[in-house]
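For the sequence shown, my numbering assigns the number 9 to the initial residue and increments by one for each residue that follows. C-beta atoms are modelled at their ideal positions from N, C-alpha and C, and glycine is treated no differently. Quantities reported herein were computed from a predicted structural model and do not represent experimental measurements. Beneath this line is the structure, given in structure tokens, with notes to follow.
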Amino acid sequence: MVSRSAFGFIGFVFLSLVWVSHGGITSEFVRKVEKTIDMPLDSDVFRVPHGYNAPQQVHITQGDHEGAGVIVSWVTPSEPGSSVVLYGTAENKRVFHAKGKVTTYRFFNYTSGFIHHCTIRHLKFDTLYFYEVGIGMSPRQFWFRTPPKPGPDVPYTFGLIGDLGQSYDSNTTLSHYEANPKGQAVLFVGDLSYADNYPNHDNARWDTWARFVERSVAYQSWIWTAGNHEIDFAPEIGETKPFKPFTHRYRTPYRASDSTSPLWYSIKRASAYIIVLSSYSAYGKYTPQFKWLEEEFPKVNRSETPWLIVLMHSPWYNSYNYHYMEGETMRVMYEPWFVQNKVDVVFAGHVHAYERSERVSNIAYNIVNGKCSPVSDESAPVYITIGDGGNLEGLATNMSEPQPKYSAYREASFGHAIFDIKNRTHAYYGWHRNQDGAAVVADSMWFYNRYWHSVPESS
Ligand SMILES: [Fe+2]
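Here it is in structure tokens:
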């Protein structure tokens with residue numbers, strides 16, 4: 009026989025769970041209080057490869073719309089050297105070659121090395137390739153695996169990293185991501201090097217950042233989103249062309265999606281269709297980005313790529329007291345499209361903490377009707393802020409109180425996430441905080457695809 013007090017206890021537990029599921033969770037986890045500082049220039053992670061004019065800062069990203077192309081980029085420090093990439097499907101038989109181009113730029117008193125970009129096209133899907141750069145001088149070898157051909161039930165695992173920087177915490181974040189053997193490509197939501205925090209935007213910190221992340225991005229594509237730290241607008245030192253270092257160093261396959269700017273574009277990768285937006289380019293009505301996005305949504309075929317993912321830097325739903333409402337004007341412009349087109353998930357950065365939303369929309373408001381609060385909406389995306397890579401600016405710890413209903417989970421810790429697509433209906437999402445072992449998941453959720461299986465989820 010169960011006593012009355014036991015019933016009371018069970019009732020209390022049940023009520024507690026109900027309260028938690030409707031009220032959102034603000035994690036009580038508090039990390040050790042240490043200042044987030046950049047790794048010094050002589051750190052091991054920044055080391056220059058041996059050999060005269062050896063290629064450094066090697067990185068790859070998707071090079072076409074379907075995933076059969078790769079853009080290989082690298083820097084030679086002393087002279088241009090060769091822009092050729094040798095590649096093949098066997099380690100000792102790199103029998104194909106592609107020729108790229110070399111560029112340089114100046115930024116105030118800094119002159120870049122020789123930046124090479126080479127697009128390799130018409131690769132076989134789901135195939136391991138070996139490649140070599142620095143031909144004729146001090147060659148270096150790497151490898152990558154192309155994604156499977158786009159298809160509705162192709163499993164694929166993305167890593168999520170944002171606002172990484174080059175601090176000791178950044179190194180921990182990257183190491184945790186690397187420790188997970190499942191990650192096949194990184195969706196990077198902006199703010200790469202934080203070089204602009206140094207005097208005169210010391211572009212040598214763009215070089216150190218690229219050497220630091222080479223150990224991952226030379227072997228798997230990172231999909232680039234531009235953040236505010238990519239703008240590098242500094243009229244006080246005569247630098248008035250926004251995004252100059254970023255666009256010289258990082259290429260995107262924007263022309264393949266009929267975009268007119270490398271800052272917004274789309275790709276297919278396995279079972280995902282990924283739209284990348286620029287929070288810091290014009291996006292109002294009649295602008296190039298608006299017109300492109302308006303024509304982009306009808307092109308998404310959910311029978312081929314069921315998972316519709318959007319990347320941007322500045323979040324639309326953010327309950328921290330940092331960058332509060334900075335994403336609001338873009339939300340007002342584009343949120344109705346996201347709901348109509350059943351976007352599955354939006355990943356953003358900018359706020360140096362972690363937050364996951366409920367499925368909500370705020371599109372009913374028409375100035376006079378007063379309906380200006382987010383409401384539950386099963387056609388709306390989940391919004392995830394993952395700007396917690398670990399840069400030198402430190403954590404955002406100050407949250408608005410009480411936690412808004414739309415906020416499902418929030419925590420001021422550094423970390424990264426994994427979006428693991430199983431098939432057309434299910435994807436497992438997990439967020440990993442840096443203070444835990446690499447395999448520990450601190451927040452997780454089963455995603456049900458909004459097009460194929462649009463029923464409520466629970467985390
Ligand atoms: Fe940012």
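What residue ranges within the region 342-392 form continuous alpha helix (DSSP H) runs of no fewer than 4 residues, ordered along the chain?
none
Bounding residues of the alpha helix (DSSP H) (the contiguous stretch that carries His-67)
Careful: His-67 lies outside any alpha helix (DSSP H), inside the beta strand (DSSP E) at 64-70.
Give the range of the alpha helix (DSSP H) segment to which Gln-297 is assigned.
296-304
Using 10 angstroms around the beta-carbon of Ser-29, count the other beta-carbons present and answer buried if the total reaches 16, otherwise exposed.
In this predicted model, Ser-29 has a pLDDT of only 38, less than 50, meaning its place in the structure is not dependable; the value taken from the coordinates is given anyway. With fewer than 16 Cβ atoms within 10 Å of its Cβ, Ser-29 is classed as exposed.
Per DSSP, which one or two residues make a beta bridge with Gly-438?
Ile-426, Ser-452
Would you list the residues whose beta-carbon is nearer than 5 Å to any heavy atom of ligand 1, in the order they occur in the chain?
Ordered along the chain, the selected set is Asp-199, Gly-235, Asn-236, His-358.
Taking all protein chains shown into account, decide if Val-383 is buried (16 or more other Cβ within 10 angstroms of its Cβ) or exposed.
exposed
Please report the distance separating the alpha-carbon of Thr-112 from that of Arg-153.
29 Å
Comparing C-alpha positions only, which one of Gly-246, Ser-265, Ala-203, Lys-299 sits nearest to Pro-253?
Ala-203
Determine, using beta carbons only, whether Ile-231 and Ile-275 come nearer to each other than 8 Å.
yes
Express the C-alpha separation of Tyr-262 and Gly-71 in angstroms, rounding to a whole number.
9 Å
Which residue or residues does DSSP assign as beta-bridge partners of Ser-274?
Ile-283
Taking the CB atoms as reference points, tell me whether Gly-32 and Ala-404 lie closer together than 8 Å.
no
Alpha carbons only, please: which of Val-359, Tyr-95, Phe-455 is nearest the one belonging to Tyr-436?
Taking each of Val-359, Tyr-95, Phe-455 in turn and checking the Cα distance to Tyr-436, the smallest one comes out for Phe-455.
Sorted by chain position, which residues of the same chain lie with C-beta nearer than 8 Å to Phe-133's C-beta, five sequence neighbours on each side aside?
Annotation for Phe-133: Gly-75, Ala-76, Thr-154, Pro-155, Pro-156, Lys-157 place their beta carbon closer than 8 Å to its own, counting only its chain and skipping 5 residues before and after.
Where Ser-90 and His-360 are concerned, what is the direct C-alpha to C-alpha distance, given to the nearest angstrom?
40 Å
Lys-101, DSSP secondary structure in three states
In this structure, Lys-101 counts as strand in the three-state DSSP scheme.
The beta strand (DSSP E) with Glu-419 in it runs from where to where?
415-419
I'd like to know if the region 78-87 and the region 36-51 are in contact, where contact means that at least 3 CB-CB pairs between them fall below 8 Å.
no
Please classify Thr-135 as buried or exposed, where buried requires at least 16 other C-beta atoms within 10 Å of its C-beta.
exposed
What residue does the beta strand (DSSP E) around His-124 start on, and which one ends it?
122-128
At what residues does the beta strand (DSSP E) containing Glu-140 begin and finish?
136-141
Buried or exposed for Val-38, please, with buried defined as at least 16 other CB atoms from any protein chain shown within 10 angstroms of its CB.
exposed
For Arg-219, which option in Gly-445, His-58, Gly-395 has the closest C-alpha, if you only look at C-alpha atoms?
Taking Arg-219 as reference, the option from Gly-445, His-58, Gly-395 with the minimal CA-CA separation is His-58.
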